[in-house]
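Trainee: Below you will find the structure I want to go over with you.
2 protein chains.
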Amino acid sequence: MTGPNYEARRNRLLRKLKDASVDGLLVTGSSNVRYLTGFSGSSGWLFLSSSTTVILSDTRYETQLADECPGLDAEIRDAASTLDDHAARLIAKAKVKRVGIEADYVTLSQHSSLAKKIVSAEIVATSGLIERLREVKDKWEIEQTREAVRIAERGFAVVRSSLRPNQTETEIRFLLEAAMRSFGSTGPAFEPIVGVGPTSALPHAHAGGRCVSESPVLLIDWGAEVKSHYRSDLTRVLITGKPTRLMEQVYNTVLKAQQAAIEAIRPGVKCADVDKIAREIIADAGFGKNFGHGLGHGFGLEIHESVRMSPLSEQVFEVGMLVTVEPGIYLPGKFGVRIEDDLLLTPDGNEVLSNVPREFEEAIVPFLA
Amino acid sequence: MTGPNYEARRNRLLRKLKDASVDGLLVTGSSNVRYLTGFSGSSGWLFLSSSTTVILSDTRYETQLADECPGLDAEIRDAASTLDDHAARLIAKAKVKRVGIEADYVTLSQHSSLAKKIVSAEIVATSGLIERLREVKDKWEIEQTREAVRIAERGFAVVRSSLRPNQTETEIRFLLEAAMRSFGSTGPAFEPIVGVGPTSALPHAHAGGRCVSESPVLLIDWGAEVKSHYRSDLTRVLITGKPTRLMEQVYNTVLKAQQAAIEAIRPGVKCADVDKIAREIIADAGFGKNFGHGLGHGFGLEIHESVRMSPLSEQVFEVGMLVTVEPGIYLPGKFGVRIEDDLLLTPDGNEVLSNVPREFEEAIVPFLA
């Protein structure tokens with residue numbers, strides 16, 4: 004499959020500049036630069052106007068730019084100049100009158116330095132221009148994500164089949180990462196969360212030293228990143244000992260909330276309305292106070308992207324969006340359950356990209372429980 | 004060994020606030036928050052004034068905060084409030100007149116949101132206040148770093164002893180990371196650079212698919228992170244085939260430059276002067292254009308910290324600083340050599356913390372070359 008059409012993406016962005024009342028944009032957010040050019044280095048800015056498209060970087064990335072962005076004009080700064088200097092010159096040369104800068108990435112220090120250098124144009128703070136384009140994924144991005152999901156699934160199968168009572172959370176984390184790498188991942192999509200018992204009740208726990216045998220509940224929240232930087236994001240709970248009734252009740256409540264949300268997700272529906280469906284099921288079961296985070300989020304080049312499913316969200320689903328659906332119930336000091344899948348918005352509703360067993364009976368690990 | 008004295012660090016910072024003409028500071032840079040409190044979560048702000056010290060976070064981190072910051076006042080926001088709201092209220096309650104915010108981390112979006120909420124005090128952009136404190140490490144930080152160096156050394160020994168002609172850069176990277184983990188690292192200090200031949204000529208290369216047998220030059224730039232988030236940063240070149248005279252000449256020039264720099268580093272010496280010593284040796288050998296980056300950098304909670312050794316640096320070495328010394332010569336399309344060690348500034352000069360063979364003869368891998 005051929006790669007993304009970066010020029011088409013940039014043209015879509017150019018058409019949006021008018022809405023933001025600017026005639027040029029300095030893109031400094033690294034995922035935004037990557038989205039518009041394919042450049043994967045740590046230091047690169049993109050300047051865009053109707054007449055000019057130039058990527059700015061330094062000598063460390065000269066060869067990489069030529070490889071990753073063939074055909075794109077590049078300016079390479081030397082040790083005696085800064086990206087600010089180059090950007091200011093380009094902006095003047097392109098005769099831009101109002102240049103946008105990305106308010107969500109530009110720090111006060113960067114702004115003060117840019118403001119000194121850019122004298123030919125008015126500087127305008129913009130927000131979310133490229134993020135909104137990134138909400139809807141193209142065919143190539145979806146293929147990349149499918150591969151990241153597939154690798155995550157295979158990694159989980161390895162972990163599940165090799166669980167031992169005396170295995171620690173950290174050992175499981177490292178095994179999972181190694182397995183995903185062996186299947187072609189360039190690294191985990193984020194630091195995998197592996198939590199036994201009380202640790203599973205912390206939504207953002209670090210894997211630590213608890214052993215599988217310490218509790219029947221083992222929560223794993225993980226994903227794979229592929230070379231193109233697209234990624235997956237899944238959560239499963241495994242039952243590794245004799246479960247209590249409460250565990251089963253909590254598990255089935257979370258699963259019911261997730262399935263109801265998945266059924267409701269389709270183009271045109273409000274993100275907040277789907278969040279509400281899941282939240283009410285959990286509240287009705289008496290666990291309303293134990294679900295403190297949003298129901299899900301967009302993902303792609305970054306693990307958390309626009310859109311967000313939360314009570315405060317004002318967004319509406321569209322075809323081509325990728326979102327996680329991940330309700331949870333957390334009982335502090337005891338255990339937590341979260342079930343998370345990756346969905347693609349389709350014209351008819353959605354497609355669940357991830358295919359890992361999710362029924363309670365299937366969560367029981369027979370050789371341990 | 005007992006951990007760091009966070010309160011003493013905060014008191015040192017409080018004494019510095021006058022110099023910045025503020026009577027309160029909102030710390031939002033995550034490494035700065037960690038340095039001053041021990042909190043390791045992804046979302047936490049610290050507000051400090053002579054009368055008030057409070058860490059702000061959200062429900063995800065309630066338990067973690069109690070664990071990591073015992074005795075520190077914490078405010079936990081719920082889904083209906085933002086960190087801005089809490090910060091503004093604390094600032095008003097503490098009767099602060101001029102509150103500093105960290106210009107190197109606060110984005111324009113965050114600033115505009117803070118400016119709306121903070122009405123009781125004047126907002127002042129500050130820069131480098133905590134970074135300057137972090138330049139000089141305490142005994143505990145140095146012990147953490149020694150451990151990170153030791154783990155990196157052991158990982159490298161495993162890689163070196165298991166090299167094979169048909170091994171790829173990526174395979175070496177993953178083996179190195181796994182070995183360091185088995186010795187107690189929580190992860191690599193940064194994505195390890197593993198470059199064979201032409202890839203070694205790219206100062207910031209990603210490990211890819213080149214095999215060891217493709218060139219006699221194999222460059223590895225790696226480090227370990229330990230649980231406390233301190234880290235190491237080393238580079239070695241291994242000779243994995245019959246070397247050319249040019250390879251030997253380049254290697255020995257880099258080594259000579261590094262050793263001369265190490266001899267010159269002591270408290271009171273200017274960073275730029277040491278950079279010059281190494282740079283001149285490389286230039287005298289005819290490779291002046293092939294060394295484009297600075298000679299070294301401070302490291303600690305982050306892999307790149309203040310101080311910097313470069314021609315433009317205005318800093319002076321002090322006892323307790325940790326710096327890398329890493330000259331390099333890069334011949335595009337052919338190969339590159341960089342040799343990097345970690346140094347601690349001592350009253351008499353410095354101590355090289357890393358002890359990996361660095362002579363050319365020692366770089367030759369006997370079972371391959």
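So the protein lines, in turn, are chains A and B. For the first sequence, my numbering assigns the number 372 to the last residue and increments by one with no breaks. For the second sequence, my numbering assigns the number 372 to the last residue and increments by one with no breaks. Using N, Cα and C, we set each Cβ at its ideal position, and we do this for glycine too.
#1: Report buried or exposed for Asn169(A), applying the criterion of at least 16 other Cβ atoms within 10 angstroms of its Cβ.
#2: Report, in whole angstroms, the separation of the C-beta atoms of Glu346(A) and Ile284(A), which I expect to be a contact under 8 Å.
#3: Which residue's Cα is closest to the Cα of Asp70(B): Ala208(A), Ser231(A) and Ala260(A)?
#4: Just to check my reading of the structure: Phe294(B) and Ser218(B) have Cβ atoms closer than 8 Å, yes? What is that Cβ distance to the nearest angstrom?
#5: Quick check on the burial criterion: 16 or more other C-beta atoms within 10 angstroms. Buried or exposed for Leu258(A)?
#6: How many angstroms separate the CA atom of Leu221(B) from the CA atom of Glu134(A)?
#7: Could you tell me the boundaries of the alpha helix (DSSP H) in which Glu156(B) lies?
#8: For chain B, check one thing: does any of its Cβ atoms lie closer than 8 Å to the Cβ of Gln318(A)?
#9: Can at least three beta-carbon pairs, one atom from the region 117-130 of chain B and one from the region 93-105 of chain B, be found at a separation below 8 Å?
#10: Quick one: any contact between the region 243-258 of chain A and the region 50-64 of chain A, if contact means 3 or more CB pairs under 8 Å?
#11: Would Gly226(B) and Ala192(B) qualify as a contact pair, given that the criterion is a beta-carbon distance under 8 Å?
#12: Among Ile342(A), Val359(A) and Ala97(A), which one has its Cα closest to the Cα of Val240(A)?
#13: At a Cβ threshold of 8 Å, is His307(B) touching chain A?
#14: If we call anything under 8 Å between Cβ atoms a contact, is Gly299(B) one with Val328(B)?
#15: Grouping DSSP H, G and I as helix and E and B as strand, with all else coil, what is Lys279(A)?
#16: With burial defined as no fewer than 16 other Cβ atoms inside 10 Å of the residue's Cβ, what is the status of Phe177(A): buried or exposed?
#17: Shorter than 8 Å from the beta carbon of Leu205(A) to some beta carbon of chain B?
#18: Could you compute how far the alpha carbon of Val30(A) sits from the alpha carbon of Leu39(A)?
#19: Let me make sure I understand the geometry here. Which of Arg282(B), Ala275(B) and Gly336(B) has the alpha-carbon closest to that of Pro314(B)?
#20: So with Cβ pairs under 8 Å, would you call Pro335(B) a contact of chain A?
#21: How far does the beta strand (DSSP E) with Met312(B) in it extend, from its first residue to its last?
#22: Would you mind reading off the limits of the beta strand (DSSP E) that contains Leu347(B)?
#23: Mind checking who Arg273(B) pairs with in its DSSP beta bridge?
#24: For a cutoff of 8 Å on Cβ pairs, would you count Ser130(B) as touching chain A?
#25: Between the alpha carbons of Glu364(A) and Tyr254(A), how many angstroms are there, rounded?
#26: So which residues on chain B does Gln67(A) lean against when the C-beta distance must stay under 9 Å?
#27: By the criterion of Cβ-Cβ separation under 7 Å, what are the contact partners of Val109(B) in chain A?
#28: Can you look up Gly200(A) in the DSSP assignment and give me helix, strand or coil?
#29: For Pro350(B), is the classification buried or exposed, using 16 other Cβ atoms within 10 angstroms of its Cβ as the cut-off for buried?
#30: How should Thr5(B) be labelled, buried or exposed, when 16 other C-beta atoms within 10 angstroms of its C-beta is the threshold for buried?
#31: Kindly list the residues whose CB is nearer than 7 Å to the CB of Lys245(B), restricted to its own chain and excluding five residues on each side of it in sequence; keep chain order.
#32: Would you list, in sequence order, the uninterrupted alpha helix (DSSP H) runs of no fewer than 4 residues that lie entirely inside the region 64-149 of chain A?
#33: Kindly list, in the order they appear in chain A, the residues whose Cβ is closer than 8 Å to that of Arg184(B).
#34: Starting from the Cα of Thr374(B), find the closest Cα among Cys214(B), Ala263(B) and Gly271(B) and give me that residue.
#35: Taking Gly295(A) as the query, report the chain B residues whose CB atoms sit under 9 Å from its CB, ordered along the chain.
#36: Find out if the Cβ-Cβ distance for the pair Pro330(B), Ala260(B) is shorter than 8 Å.
Mentor: So, from the data block:
#1: The residue in question, Asn169(A), is exposed, as its Cβ has fewer than 16 Cβ neighbours within 10 Å.
#2: It is Leu, not Glu, that sits at residue 346(A) in the sequence shown. Actually they are not in contact, since the Cβ atoms of Leu346(A) and Ile284(A) sit about 18 Å apart, beyond 8 Å.
#3: Ala208(A)
#4: No, Phe294(B) and Ser218(B) are not in contact; Cβ-Cβ is about 20 Å, not under 8 Å.
#5: buried
#6: 40 Å
#7: Lys142 to Ser164
#8: no
#9: yes
#10: Using a C-beta cut-off of 8 Å, the region 243-258 of chain A makes no contact with the region 50-64 of chain A, since fewer than three inter-stretch Cβ pairs fall below that distance.
#11: yes
#12: Ile342(A)
#13: no
#14: yes
#15: Shown here, Lys279(A) sits in a helix according to DSSP, grouped into three states.
#16: buried
#17: yes
#18: 9 Å
#19: Ala275(B)
#20: For Pro335(B), the closest Cβ of chain A is nearer than 8 Å.
#21: For Met312(B), the enclosing beta strand (DSSP E) covers residues Glu308 to Met312.
#22: Asp344 to Thr349
#23: A quick correction: the sequence has Lys, not Arg, at residue 273(B). DSSP, once it has assigned bridges, lists Val319(B) as partnering Lys273(B).
#24: yes
#25: 10 Å
#26: Result: Leu205, His207, Ala208 and His209.
#27: Thr110 and Leu111
#28: helix
#29: exposed
#30: Exposed is the call here.
#31: Pro219 and Ala372
#32: 65-71, 86-96, 111-120 and 132-138
#33: Phe177
#34: Only positions 4 to 372 of chain B appear in this structure, which leaves residue 374(B) out of reach.
#35: Asp61, Thr62, Arg63, Asp81 and Ala82
#36: Yes. Within cutoff.
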